[in-house]
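Undergrad: Starting off with a structure, shown below.
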Amino acid sequence: MLRFVLERLVGMAITMLLVSMMVFVIMELPPGDYADRYAFRKYSGTGVSVTEADVQAIRVELGLDQPMVVRYFDWIGGIVLHGDFGQAFAFETSVVNVIGDKVWLTLAILFTTLIITYVISIPIGIYAAVKRGSAADYGLTIFSYLGLALPNFLLALILLYFANRWFEADIGGLFSSQYKDAPWSLAKLWDLVAHLWLPAVVLAWSAVAYQIQTMRATMSDELNRLSVTAARARGVPEGKLLWKYPARLAINPVVSTIGFDVNRIFSELPIVAAVLGLTELGELLLRAYLDLDMYVAGAILLLLTFIIVFMNFISDILLAWLDPRIKLGA
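Just so you know, this note's numbering puts 288 at position 292 of the sequence shown, and the rest follows in order with no gaps.
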């Protein structure tokens, strides 16, 4: 198991190195750089003529005149050795200061969504497989199809409407107005928890529907195996039998898609955040690209990719724990 974990860690490190190179290339793709945008903003409408020499002077001041390879190694070296993601030019501060709170809020939304997804889908999928062909099974199947068909942003609008109409609840954003700019405290943390359920439920909606169907299908297949029939013939209690034999193997496809679910959440989060007025990294990423503030954009892309790669690593470890054949290479 230790060798298995070490191999996955080395693979994760190599993957992140390659990803960092790709991210930096993506940062360089837009025409121009922040020096052009800075000069335009500073002198636009002033009647002052800006020469190429002026722009080049700004570029030298910001360190953007160095070759791409030199800037890449400066950038990745600062991240690895000092945790420094560079300068956020548009904000006139470090990237860490700009993305700090937004990273933790995005992670809070992500992990709350994942918890809701698996806590609901796994037991319901098992129940649907055990009661296959019953009215409950058909009802859950209809629910899952509805979850796959109804867009998340539309569900967000529906929940916002009913929450405000029936309960007069203020659930837009992640904080109430009195806590939005307040320092962190237990009251602010509780306010975050009170607001966090809505985006988590919205983002988990389609994932729950998909994982219910996945769990139902794999569990149904495992229930028909001879090992389950033999265990039942030996008098193993039904509850213990279900969790010890078919459920432990049926859960493997669900666990293996954790990284996919994380990627899907990150893909859907920006539009859901726009509907619900959330503070997260997607909006900041778009703004950084529009401003050509490439170190901010690169840091966000790198962090989001690292989270996906890390969750894939966790998925591999869980799979090896659930099914020893995986780590033995079977």
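Every residue, glycine too, gets a C-beta built ideally from N, C-alpha and C.
Helix, strand or coil for residue 316, going by three-state DSSP, please let me know.
TA: As a first step, residue 316 is located in the sequence shown; it is residue number 320 there, counting from the start. In the structure shown, residue 316 sits in a helix (DSSP, three-state: H, G or I).
Undergrad: Just to confirm before moving on: does the CB-CB distance between residue 216 and residue 132 stay below 8 Å?
TA: Locating residue 216 in the sequence shown gives position 220, where the first residue counts as 1. Locating residue 132 in the sequence shown gives position 136, where the first residue counts as 1. No, the pair does not count as a contact, with Cβ atoms beyond the cut-off.
Undergrad: What is the DSSP secondary structure of residue 326, counted as helix, strand or coil?
TA: What you label residue 326 is simply residue 330 of the sequence shown in a count that begins at 1. Residue placement at residue 326 is flagged as unreliable, the pLDDT there being 46, under the threshold of 50; the coordinate-derived value follows with that caveat. Coil.
Undergrad: Helix, strand or coil: which one does DSSP assign to residue 84?
TA: Counted from its first residue, the sequence shown places residue 84 at position 88. Three-state result, residue 84: strand.
Undergrad: Would the beta-carbon of residue 281 fall within 8 Å of that of residue 201?
TA: Position 285 of the sequence shown holds residue 281. Position 205 of the sequence shown holds residue 201. Not closer than 8 Å, so no.
Undergrad: Considering only residues of the same chain and omitting the five flanking positions on each side of residue 326, which have a CB-CB separation below 6 Å?
TA: Along the sequence shown, read from residue 1 onward, the residue named residue 326 stands at position 330. In this prediction, residue 326 scores a pLDDT of 46, lower than 50, which makes its location untrustworthy; the coordinate-derived value is nonetheless stated afterwards. No residues qualify anywhere along the chain.
Undergrad: Select from 54, 109, 288 and 234 the residue whose C-alpha is nearest the C-alpha of residue 193.
TA: Start at 1 with the first residue of the sequence shown, and residue 193 comes out as number 197. That would be 109, whose Cα lies nearest to the Cα of residue 193.
Undergrad: Only counting the same chain, and skipping five residues up and downstream in sequence, which positions put a Cβ closer than 7 Å to that of residue 293?
TA: Taking the sequence shown and counting its residues from 1, the one referred to as residue 293 is at position 297. So the list reads 23, 281, 284 and 285, once near-sequence residues are dropped.
Undergrad: Within a Cβ cutoff of 7 Å, which residues of the same chain sit near residue 257, ignoring the five residues on either side of it in sequence?
TA: Here the question's residue 257 lines up with position 261 in the sequence shown. For residue 257, where only same-chain residues beyond five positions count, the Cβ hits under 7 Å are 110, 113 and 203.
Undergrad: Just list the residues that DSSP pairs residue 89 with in beta bridges.
TA: For the purposes of this step, residue 89 is taken as residue 93 along the sequence shown, with counting starting at 1. Partner(s): 84.
Undergrad: Rounded to the nearest angstrom, what separates residue 77 and residue 68 at their Cα positions?
TA: Residue mapping note: residue 77 aligns to position 81 of the sequence shown, counting from 1. Residue mapping note: residue 68 aligns to position 72 of the sequence shown, counting from 1. Rounded to the nearest angstrom, the two C-alpha atoms are 14 Å apart.
Undergrad: Does residue 174 come out as helix, strand or coil in the three-state DSSP assignment?
TA: Here residue 174 refers to the residue found at position 178 of the sequence shown. DSSP places residue 174 in coil when its eight states are reduced to three.
Undergrad: Below 8 Å, how does it come out for the region 232 to 243 and the region 210 to 224: are there three or more Cβ pairs, yes or no?
TA: Short answer: they touch.
Undergrad: With distances taken between CB atoms, is the gap from residue 205 to residue 143 smaller than 8 Å?
TA: Translated into the one-based positions of the sequence shown, residue 205 becomes position 209. Translated into the one-based positions of the sequence shown, residue 143 becomes position 147. For residue 205 and residue 143, yes; Cβs fall inside 8 Å.
Undergrad: Can you tell me whether DSSP reads residue 211 as helix, strand or coil?
TA: Taking the sequence shown and counting its residues from 1, the one referred to as residue 211 is at position 215. Residue 211 falls in the helix class under three-state DSSP.
Undergrad: Within 10 angstroms of its Cβ, does residue 25 collect 16 or more other Cβ (buried), or is it exposed?
TA: Your numbering for residue 25 matches position 29 in the sequence shown. By the 10 Å Cβ count, residue 25 comes out exposed.
Undergrad: Please return the same chain residues whose Cβ sits closer than 6 Å to the Cβ of residue 55, not counting the five positions on each side in sequence.
TA: Indexing the sequence shown from 1 puts residue 55 at position 59. If we look at residue 55 and ignore the five residues flanking it on each side, its Cβ neighbours are 31 and 61.
Undergrad: Indicate whether the contact test is met: 3 or more Cβ pairs, each with one atom in the region 296 to 309 and one in the region 13 to 21, closer than 8 Å.
TA: The region 296 to 309 vs the region 13 to 21: in contact.
Undergrad: For a quick check, are the C-beta atoms of residue 85 and residue 94 less than 8 Å apart?
TA: What you label residue 85 is simply residue 89 of the sequence shown in a count that begins at 1. What you label residue 94 is simply residue 98 of the sequence shown in a count that begins at 1. Contact flag unset, no.
Undergrad: Where does the unbroken alpha helix (DSSP H) through residue 11 begin, and where does it stop?
TA: Numbered from its first residue, the sequence shown carries residue 11 at position 15. Segment -2 to 24, the alpha helix (DSSP H) holding residue 11.
Undergrad: What three-state label does DSSP hand residue 71 in the structure shown?
TA: In the sequence shown, residue 71 corresponds to position 75, counting from 1. Here residue 71 sits in helix by DSSP.
Undergrad: Buried or exposed: where does residue 158 fall if 16 or more other Cβ atoms within 10 Å of its Cβ makes it buried?
TA: In the sequence shown, counting from the first residue as 1, residue 158 sits at position 162. Per the 10 Å Cβ criterion, exposed.
Undergrad: Leaving aside the five residues before and after residue 259 along the sequence, list all residues of the same chain whose C-beta is less than 8 Å from its C-beta, in chain order.
TA: Taking the first residue of the sequence shown as 1, we reach residue 259 at position 263. Excluding residues within five positions, the ones whose Cβ falls inside 8 Å are 304.
Undergrad: Work out the CA separation of residue 291 and residue 262 for me, nearest whole Å.
TA: Stepping through the sequence shown from its first residue, residue 262 is reached at position 266. Stepping through the sequence shown from its first residue, residue 291 is reached at position 295. Roughly 20 Å between the two C-alpha positions.
Undergrad: When DSSP labels each residue in this structure, what does residue 65 get in the three-state scheme?
TA: Reading the sequence shown from its first residue, position 69 is the one you call residue 65. Correct three-state label for residue 65: helix.
Undergrad: Taking its Cβ as the centre, do 16 or more other Cβ atoms sit within 10 Å of residue 211, making it buried, or is it exposed?
TA: Your numbering for residue 211 matches position 215 in the sequence shown. Looking at its Cβ environment, which holds 16 or more other Cβ atoms inside 10 Å, residue 211 is buried.
Undergrad: Helix, strand or coil: how does DSSP classify residue 232 here?
TA: Counting from 1 along the sequence shown, the entry for residue 232 is found at position 236. Looking at residue 232 - three-state DSSP - the assignment turns out to be coil, as it is neither helix nor strand.
Undergrad: Tell me which same chain residues have a C-beta within less than 6 Å of the C-beta of residue 266, skipping the five on either side of it?
TA: The residue you call residue 266 lines up with position 270 of the sequence shown. Here the set comprises 278.
Undergrad: So what does DSSP say about residue 307, is it helix, strand or coil?
TA: Here residue 307 corresponds to residue number 311 of the sequence shown, with the count starting at 1. It is helical.
Undergrad: For residue 249, which three-state DSSP category applies?
TA: If you number the sequence shown from 1, residue 249 lands on position 253. Correct three-state label for residue 249: helix.
Undergrad: Considering only their Cβ atoms, is the gap separating residue 199 from residue 171 smaller than 8 Å?
TA: In the sequence shown, the residue the question calls residue 171 occupies position 175. In the sequence shown, the residue the question calls residue 199 occupies position 203. Not a contact, by the Cβ cut-off of 8 Å.
Undergrad: Suppose you measure from the CA of residue 89 to the CA of residue 96; what does that come to, to the nearest Å?
TA: As a working mapping, residue 89 is identified with position 93 in the sequence shown. As a working mapping, residue 96 is identified with position 100 in the sequence shown. If I take the Cα positions, the gap works out to 12 Å.
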